[in-house]
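Structure record follows, encoded as structure tokens.
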Amino acid sequence: MTRVIKLRQGLNLNLAGAAKREKISVAAGKTFALQPSSFVGVKPKVVVKEGDKIKAGDALFINKDFPEVKFASPVSGTVVLVERGERRKLLSVRVEADAQQEYAQFETKSACGNCVKQALLDAGLFGYINQLPYAISTNPQTEPKAIFVSALRDMPLACDFEYELEGNEKDFQAGLSALAKIAKTYLGIGASQSAKALTDAKDVEVVVFDGKCPAGNVGVQINHIDPINKGEVVWTVDPTAVIFFGRLFNTGKVDLRHLVAIAGSEISNPAYAEMLVGQSISSAVASVSDGARIIDGNPFTGTKTTKDGFLGAHTSEITAIPEGNNADELAGWIMPRFKQFSVSRSYFSWLLGKKDYNLDARIKGGERHMIMSGEYDSVLPMDIYGEYLIKAIIAGDIDKMEQLGIYEVSPEDFAVAEFVDSSKLELQRIVREGLDMLRKENS
Amino acid sequence: MSFLRNYLNEIKPNFEEGGKLHAFRSVFDGFETFLYVPNETSKCGVHVHDAIDSKRIMSMVVIALIPALLFGMYNIGYQNYLAAGQSASFIEMFIFGALAVLPKIIVSYIVGLSIEFAWAQWKGEEIQEGYLVSGIIIPMILPVGCPLWVIALACAFAVIFGKEIFGGTGMNIFNVALLARAFLFFSYPTVMSGDKVWVANESIFGLGNNLPDTFTCATPLGEMATGAVPAASVMDSIIGLIPGSIGETSVIAIAIGAIILIWAGIASLKTMLSVFAGGIIMGLIFQATGQTPVEWYQHIVIGGFCFGAVFMATDPVTSARTETGKYIYGFIIGALAVIIRVMNPGFPEGMMLAILFGNMMAPTIDYFVVQSNINKRLKRAK
Chain F
1 MTRVIKLRQG LNLNLAGAAK REKISVAAGK TFALQPSSFV GVKPKVVVKE
51 GDKIKAGDAL FINKDFPEVK FASPVSGTVV LVERGERRKL LSVRVEADAQ
101 QEYAQFETKS ACGNCVKQAL LDAGLFGYIN QLPYAISTNP QTEPKAIFVS
151 ALRDMPLACD FEYELEGNEK DFQAGLSALA KIAKTYLGIG ASQSAKALTD
201 AKDVEVVVFD GKCPAGNVGV QINHIDPINK GEVVWTVDPT AVIFFGRLFN
251 TGKVDLRHLV AIAGSEISNP AYAEMLVGQS ISSAVASVSD GARIIDGNPF
301 TGTKTTKDGF LGAHTSEITA IPEGNNADEL AGWIMPRFKQ FSVSRSYFSW
351 LLGKKDYNLD ARIKGGERHM IMSGEYDSVL PMDIYGEYLI KAIIAGDIDK
401 MEQLGIYEVS PEDFAVAEFV DSSKLELQRI VREGLDMLRK ENS
Chain R
1001 MSFLRNYLNE IKPNFEEGGK LHAFRSVFDG FETFLYVPNE TSKCGVHVHD
1051 AIDSKRIMSM VVIALIPALL FGMYNIGYQN YLAAGQSASF IEMFIFGALA
1101 VLPKIIVSYI VGLSIEFAWA QWKGEEIQEG YLVSGIIIPM ILPVGCPLWV
1151 IALACAFAVI FGKEIFGGTG MNIFNVALLA RAFLFFSYPT VMSGDKVWVA
1201 NESIFGLGNN LPDTFTCATP LGEMATGAVP AASVMDSIIG LIPGSIGETS
1251 VIAIAIGAII LIWAGIASLK TMLSVFAGGI IMGLIFQATG QTPVEWYQHI
1301 VIGGFCFGAV FMATDPVTSA RTETGKYIYG FIIGALAVII RVMNPGFPEG
1351 MMLAILFGNM MAPTIDYFVV QSNINKRLKR AK
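Keeping their order, the protein sequence lines are chains F and R.
If you count by our numbering, then the first sequence holds residues 1 to 443, one letter each, in order.
If you count by our numbering, then the second sequence holds residues 1001 to 1382, one letter each, in order.
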């Protein structure tokens, strides 16, 4: 019998422009960019020079602290630019793709945990594995007590993983089976997901989560399945990365194609497109009006980008919403504001049912100290006092952060809380700062 | 309305750094954000935000206070005409009461908001809207006979020493409005208690009646403090036609406010109910042990019990912040209010001190609730 965990807290926000279940094609463009910012916690060291010829799967940069962790190029071609920002911080490595793609061939054995690890390291895919605590790209020296994969994506405008899975079932299963060799692997799925490849996944324990966003967050799921204690490490893997891993073991190639939702009210035809990690997003967002906000990811956890941007390594959506910086809404403190969404019944969204809201990027209020109580807890389905944890981080109190469970959270777990927060605090930034503080302290 | 926006955009540079009106930046910001939702967009984290903000929350609380305020105005007229033995129309009574109350509200807002504006300017911060609520509650919990200069003093004390020195709205330990009342209660007892301050005794613009200097009228609470059962009927107490602080008398008007607050999700139902539970249980205990002849339900309907339970105990900043903590916090307040009323004849009204005590205990209550979560985590690690 599959375990079913019901979660009461959370919030499903319906935004206008959700992607329809149909595939469109997006022109790839010649240049691809792998951005180290996709791999949190990695200190990148470039291992190619401009002009080098590489194959898909060859390393573009490595983790300075753990040189065995390489980061594979999504395409074959010529390295055209090593882009650096302030203080020579590496921003991206750009590759101009060949017309005919060549793949580096890897010998992969998935007989034992160490073989799997080695195969992923060789192919430059190991860095796609994240870890808790700290919510960073993991390193091969960690011994995970378990591996968690969440196939449920419930953030607004998120890419439907069941749709992405169609046609990739074998690779997904191969990826799961390989991970299960390393440690006990759990697959979290949503109550509404019925794909056989998920419900009947082999070698893993399937756990069903029945609840609102952020029930799909792997951190939330871990908190209910097997909470992390101090000193323990768990690995978390995107379901898309599981497919990448499976492809590696099935074909010996690094093939980073996956389905991306192109969504949001600013997109004229929201649908899905097959894209490669690092692909230019310009043709996907060609129809977006100037001044609109383009997000690499979903509106809750994504990062702001531009038409010249590239798809991040962990990104499964490109979304575009109105910026709203010229909205000039009059007397927001008293007007009914029917077009606005709020969990508070001082607005009317509770009356309007499952309407799709076209929200813009305005903060819609000034930042304040925490005033209302219980706001975070109502959308944080974890056994954690979110408000106290945030306060401990703001105060820089390391002991309190540990005691209140900072090892169990990642910034994305606070995304919904940040959305509903009437004090408009930047919770995800605060949590990230707290995690960085502890990582520094414990290293 | 674009002409207004254009006008604001035009004058805005004067208030910015280097502008000649920079000293009034906080005032300009305050009015601009009051007129228009800020157009500032998110820089990191979530890209969309809920439409709620603290301005909306505070406005909802003010709206919830309006029924009690309007009824309080009427009741002041009613008490005056009743004391003089005159009859008058509803409108006359209401207008008389409104004329008696409005100057108090205006003074409270002018003094409190001026300090807030000046403080925000000094600290280079945004104006915080917490005082919109405190500013209207302060006059509502004072007797009608309280002079304006005393109110001004209390508002200044409460804003500076009750709120700003702690860091502003959200950081204060004690409820600001109650602190103003406590300040007056101990510093100017003659205008805050006794038998002379509860009924307006001067006519205003020809409305109302001049009452003789010797006129006295005890509140039901005052009667209770002497060990007697209050003379006012329970029905009058529920409707609110009894002497008392301006906004506290009508249970019905306060109940309307409570419904608005709970409906809007601003006040905690848990806190509110447990205050009532605490008061009722303590009232029953005192009645059963024969310590007071007052019925348990009279404790609830007279004085500031309902007003305190609905509008002040539920202040999210000074109340317990954990859900479990709210039950304990509310119960302590309700029980303590009745204990003070019954056991301490020096303080006819126990609600003010009970809530201030509750405010003081709230962090400790939360500490134990949060500590139990911490202990669970520590135990798991072993």
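All residues carry an ideal CB built from backbone N, CA and C; glycine is no exception.
Given Arg1025 of chain R as reference, the closest of R:Val1048, R:Ala1088, R:Val1342 and R:Trp1122 once Cα atoms are compared: Here the closest residue by C-alpha is R:Trp1122.
Can you have a look at Leu1178 of chain R and say buried or exposed, based on whether 16 or more other CB atoms are within 10 angstroms of its CB? By the Cβ neighbour-count rule, Leu1178 of chain R is buried, with 16 or more other Cβ atoms within 10 Å of its own.
Leaving out the 5 sequence neighbours to the left and right, which residues in its chain are closer than 8 Å to Lys1137 of chain R when beta-carbon positions are compared? Sequence check: residue 1137 of chain R is Ile here, not Lys. Result list for Ile1137 of chain R: Leu1065, Ala1177, Gly1247, Phe1311 and Met1312, in chain order.
Give me the Cα-Cα distance between Phe245 of chain F and Ile147 of chain F, rounded to the nearest whole angstrom. C-alpha separation (whole angstroms): 14 Å.
Return the CA-CA distance between Tyr1078 of chain R and Ile1105 of chain R, expressed in angstroms with no decimal places. Rounded to whole angstroms, Tyr1078 of chain R to Ile1105 of chain R spans 20 Å at the Cα level.
So that I know if they touch, is there some Cβ in chain F lying closer than 9 Å to that of Leu1035 of chain R? It does; some Cβ of chain F falls within 9 Å.
Is any beta-carbon of chain F found at less than 9 Å from that of Ile1265 of chain R? As written in the sequence, residue 1265 of chain R is Gly, which differs from the Ile given in the question. At a cut-off of 9 Å between beta-carbon atoms, Gly1265 of chain R makes contact with chain F.
Name, going along the chain, the residues of the region 1157-1189 of chain R whose beta-carbon falls closer than 9 Å to a beta-carbon of chain F. If the cut-off is 9 Å between Cβ atoms, the region 1157-1189 of chain R has Gly1167, Gly1168, Thr1169, Gly1170 and Met1171 near chain F.
What does the alpha-carbon distance come out to for the pair Gly386 of chain F and Gly1045 of chain R? Their Cα atoms are separated by approximately 16 Å.
Exposed or buried, what is Thr301 of chain F when buried is set at 16 or more other beta-carbons lying within 10 Å of its beta-carbon? When all chains shown are included, Thr301 of chain F counts as buried.
Is Val431 of chain F helix, strand or coil when you go by DSSP? Here DSSP, grouped into helix, strand and coil, assigns Val431 of chain F to helix.
Ends of the beta strand (DSSP E) at Arg257 of chain F? Arg257 of chain F: member of the beta strand (DSSP E) spanning Arg257 to Ala263, first to last residue.
Residue-level contact to chain R via CB, Met420 of chain F, 9 Å cutoff: What sits at residue 420 of chain F in the sequence shown is Val, not Met. The beta carbon of Val420 of chain F falls within 9 Å of a beta carbon belonging to chain R, placing the residue at that interface.
Mind listing the chain R neighbours of Ala444 of chain F? Cutoff is C-beta to C-beta under 8 Å, in chain order. Summary: the structure shown does not reach residue 444 of chain F, with chain F confined to residues 1 through 443, and so no result is reported for it.
State yes or no: is the C-beta of Ile82 of chain F within less than 9 Å of the C-beta of Lys49 of chain F? The sequence shown places Val at residue 82 of chain F, rather than the Ile named in the question. A contact, by the Cβ cut-off of 9 Å.
Among the residues of its own chain, which have a CB less than 6 Å from the CB of Ala1120 of chain R, if the five just before and after it don't count? Within the same chain, Cβ atoms closer than 6 Å to the Cβ of Ala1120 of chain R are found at Ser1026 and Ile1127, the five residues on either side in sequence being excluded.
Taking the alpha-carbon of Arg247 of chain F as reference, which of F:Gly57, F:Ala183, F:Ser25 and F:Ala99 has the nearest alpha-carbon? Residue F:Gly57 is the option with its Cα nearest to Arg247 of chain F.
Same chain only: Cβ atoms within 8 Å of Met1343 of chain R, ignoring 5 sequence neighbours per side: Exclusion of the five residues before and after Met1343 of chain R leaves Gln1291 as the residues of its chain whose Cβ lies within less than 8 Å of its Cβ.
Mind checking if Arg1025 of chain R is an interface residue toward chain F, Cβ cutoff 9 Å exclusive? For Arg1025 of chain R, the answer is no, since every Cβ of chain F falls outside 9 Å of its Cβ.
Looking only at its chain, what residues have a beta carbon closer than 8 Å to the beta carbon of Glu1016 of chain R, apart from the 5 residues adjacent to it on each side? Cβ neighbours of Glu1016 of chain R beyond the five flanking positions: His1022 and Arg1025.
Check this for me: beta carbons of Ile318 of chain F and Val285 of chain F, under 9 Å apart or not? A contact, by the Cβ cut-off of 9 Å.
Which residues mark the beginning and the end of the alpha helix (DSSP H) in which Gln131 of chain F is found? Taken as a continuous stretch (DSSP letters only), Gln131 of chain F belongs to no alpha helix (DSSP H), being part of the beta strand (DSSP E) at Asn130 to Leu132.
When DSSP labels each residue in this structure, what does Gln279 of chain F get in the three-state scheme? DSSP places Gln279 of chain F in strand when its eight states are reduced to three.
At a Cβ cut of 8 Å, what residues of the region 369-394 of chain F count as close to chain R, listed as they run along the chain? Against chain R - using a Cβ distance shorter than 8 Å - the residues of the region 369-394 of chain F are His369, Met370, Ile371, Met372, Ser373, Gly374, Asp377, Asp383, Ile384, Tyr385, Glu387 and Tyr388.
By the 8 Å beta-carbon criterion, what residues does the region 1054-1068 of chain R contribute toward chain F? The region 1054-1068 of chain R vs chain F, Cβ under 8 Å: Ser1054, Lys1055, Arg1056, Ile1057, Met1058, Ser1059 and Met1060.
Counting Cβ pairs, one atom from each stretch, are 3 or more of them under 8 Å apart for the region 114-128 of chain F and the region 66-74 of chain F? Yes: at least three Cβ pairs fall under 8 Å.
Beta carbon of Tyr1081 of chain R nearer than 9 Å to that of Gly1112 of chain R: Between Tyr1081 of chain R and Gly1112 of chain R, the C-beta spacing is not below 9 Å.
Does the structure place the region 1321-1335 of chain R close enough to the region 1184-1192 of chain R that three or more beta carbon pairs sit under 8 Å? The region 1184-1192 of chain R makes no contact with the region 1321-1335 of chain R, as fewer than three CB pairs between them are under 8 Å.
Consult DSSP for Leu34 of chain F and reduce its assignment to one of helix, strand or coil. Residue state for Leu34 of chain F is assigned as strand, using DSSP reduced to three classes.
Starting from the beta carbon of Glu433 of chain F, find every residue of chain R whose beta carbon is closer than 9 Å, and list them in chain order. Neighbours of Glu433 of chain F on chain R: none; closest Cβ ~11 Å, over 9 Å.
Check whether the Cβ of Gly374 of chain F sits closer than 8 Å to any heavy atom of the ligand PLP, and report yes or no. Absence of the ligand PLP is noted for the structure shown, with no ligands found whatsoever.
Tell me, to the nearest whole angstrom, how far the beta carbon of Asp272 of chain F is from that of Lys23 of chain F; I am working on the premise that it is less than 8 Å. Reading the sequence as shown, one finds Tyr at residue 272 of chain F and not Asp. Indeed, because the Cβ distance is near 5 Å, the residues count as touching under 8 Å.
Is it buried or exposed, Ser194 of chain F, if we count other Cβ atoms within 10 angstroms and call 16 or more buried? Burial call: exposed.
Chain F contacts made by the region 1128-1156 of chain R, where a contact means CB separation under 7 Å: Within the region 1128-1156 of chain R, the qualifying residues are Gln1128.
Give the straight-line distance between the Cα atoms of Lys304 of chain F and Phe1117 of chain R, rounded to the nearest whole angstrom. A direct Cα-Cα distance of roughly 35 Å separates Lys304 of chain F from Phe1117 of chain R.
Any chance you could list the alpha helix (DSSP H) runs of at least 4 consecutive residues sitting entirely within the region 1045-1095 of chain R, in chain order? Within the region 1045-1095 of chain R, the complete alpha helix (DSSP H) runs of at least 4 residues are 1054-1084.
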